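K.L.:
In the working numbering, the protein residues as written are -7 to 263.
Glycine included, each C-beta is placed from N, C-alpha and C at the ideal position.
Keep in mind the model is a prediction, meaning the values are calculated, not measured.
I'd like to ask some things about the structure below.
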Amino acid sequence: MKTVARRFSFTLLYNSCSREFTANHIMVTKDDEYDYLFKVVLIGDSGVGKSNLLSRFTRNEFNLESKTTIGVEFATRSIQVDGKTIKAQIWDTAGQERYRAITSAYYRGAVGALLVYDIAKHVTYENVERWLKELRDHADQNIVIMLVGNKSDLRHLRAVPSDEAKAYTEQNCLSFIETSALDSTNVEAAFTNILTGIMFFRLHFEAVVRGAPERLDYAVEQHGQHAASNQLRRQTTLLLLLVNSSEREMRKANCTTSVAAVTKVSKDHSH
């Protein structure tokens, strides 16, 4: 089927896992009907190629003359995974500091994020820490995050070793991939992996919630109504660990589950 990708752009005023799954059959589908709607944000320094990643995935286009994004742009594309249609609403915004006033609105409702740096410019990798902090300060605590080393076609100019980036992702509970919007390398994989991982992660969470009401009752009794209602918004493993785990253990479990979901999808696609 043909991709139906929609692109929108606008400027804002700045004043104001135990579950096993497979995803072997991923195809493009029509954009008018879907089972899941996921908002994914692209973040990172200006010039790392966020807009071209967006256009490559949604329209299979690349523009060497791409200009700096002003305000916010988003596009949509739907894919089908194991009989379910996922519609991705992908948001791209300016990387410069002067546009950061839009931060809260930009992150609101996002369930996934691609944090992009340029493998040929180490400073863009150094700034990943700042972007990650901003993301975790403003986005939902359960957001699934993938670190993306873009412009892998510039291997002769590489300034960020893959091993260095992989080590960082392991320390910070992120998944990792290198892409090239120019020659399309891994662009499809980056988006489909994170979208599929989010879908199966949420299915797993819903199944656990349906199957473990007694744990929620116990959470209310031991920690109060607020703790239990928060638990409904947290990821699967946290639900199971609420009663007898420390905060650090729960954060670690949360990280392990989300990264494992995306990693599992990535491995399935590689075969």
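Express the C-alpha separation of D37 and E121 in angstroms, rounding to a whole number.
P.N.:
Approximately 11 Å, taken between the alpha carbons.
K.L.:
Who are the Cβ neighbours of E180 in its own chain at under 8 Å, not counting the five residues just before and after it?
P.N.:
Excluding sequence neighbours, E180 sits near F49.
K.L.:
From Q163 to V73, what does the alpha carbon distance come to, in whole angstroms?
P.N.:
Cα-Cα distance, rounded: 30 Å.
K.L.:
Per the contact definition of three or more C-beta pairs closer than 8 Å, is the region 135 to 146 in contact with the region 106 to 122?
P.N.:
The region 106 to 122 vs the region 135 to 146: in contact.
K.L.:
Examine the Cβ distances between the region 126 to 140 and the region 170 to 186 and report whether three or more of them are shorter than 8 Å.
P.N.:
Enough Cβ pairs lie closer than 8 Å, so yes.
K.L.:
Give the DSSP bridge partners of K76, in chain order.
P.N.:
Looking at the DSSP assignment, K76 forms a beta bridge with V73.
K.L.:
May I have the straight-line CA-CA distance separating S47 from T116, to the nearest angstrom?
P.N.:
Rounded to whole angstroms, S47 to T116 spans 21 Å at the Cα level.
K.L.:
Does E65 pass the burial test, meaning 16 or more other C-beta atoms within 10 Å, or should it be called exposed?
P.N.:
So E65 ends up on the buried side.
K.L.:
Cβ of N44 within 8 Å of Cβ of A157?
P.N.:
No; because the gap between Cβ atoms is not below 8 Å, this pair is not in contact.
K.L.:
Measuring CA to CA, which of L195, V32, R150 and E25 is closest to Y99?
P.N.:
It is V32.
K.L.:
Alpha carbon to alpha carbon, what distance is there between D27 and L195?
P.N.:
Computed Cα separation, rounded: 12 Å.
K.L.:
May I have the straight-line CA-CA distance separating M191 from R150, to the nearest angstrom?
P.N.:
Those two C-alpha atoms are separated by around 34 Å.
K.L.:
What separation, rounded to the nearest whole angstrom, lies between the Cα atoms of F193 and S154?
P.N.:
Approximately 27 Å, taken between the alpha carbons.
K.L.:
Tell me the rounded alpha-carbon separation between W83 and E126.
P.N.:
Using only the alpha carbons, I get a separation of about 16 Å.
K.L.:
Between K79 and the rest of its own chain, which residues show a CB-CB distance below 8 Å, the 5 nearest in sequence each way excluded?
P.N.:
Result list for K79: D23, Y26, Y28, L29, F30, T68, R69 and S70, in chain order.
K.L.:
Quick one: grab the DSSP three-state call for I35.
P.N.:
It is a strand residue.
K.L.:
Would I169 pass as a contact of A159 if the rule is Cβ separation under 8 Å?
P.N.:
Contact flag unset, no.
K.L.:
When the Cα of S167 is compared with those of A105, S176, D175 and K76, which residue comes out closest?
P.N.:
Comparing Cα-Cα distances from S167 to each of A105, S176, D175 and K76, the minimum goes to A105.
K.L.:
Which one or two residues does DSSP pair with F168 in a beta bridge?
P.N.:
According to DSSP, which records beta bridges pairwise, F168 is partnered with L139.
K.L.:
Short of 8 Å in beta carbon distance, which residues of its chain neighbour A102, apart from the five on each side in sequence? Order them along the chain.
P.N.:
Only K31, V32, V33, W83, A131, D132 and I135 meet the Cβ criterion.
K.L.:
From the DSSP output, in three-state form, read off I111 for me.
P.N.:
Looking at I111 - three-state DSSP - the assignment turns out to be coil, as it is neither helix nor strand.
K.L.:
Can you tell which of V40, S176, D129 and T177 has the C-alpha that lies nearest to the C-alpha of T85?
P.N.:
Ranking V40, S176, D129 and T177 by Cα distance to T85 puts V40 first.
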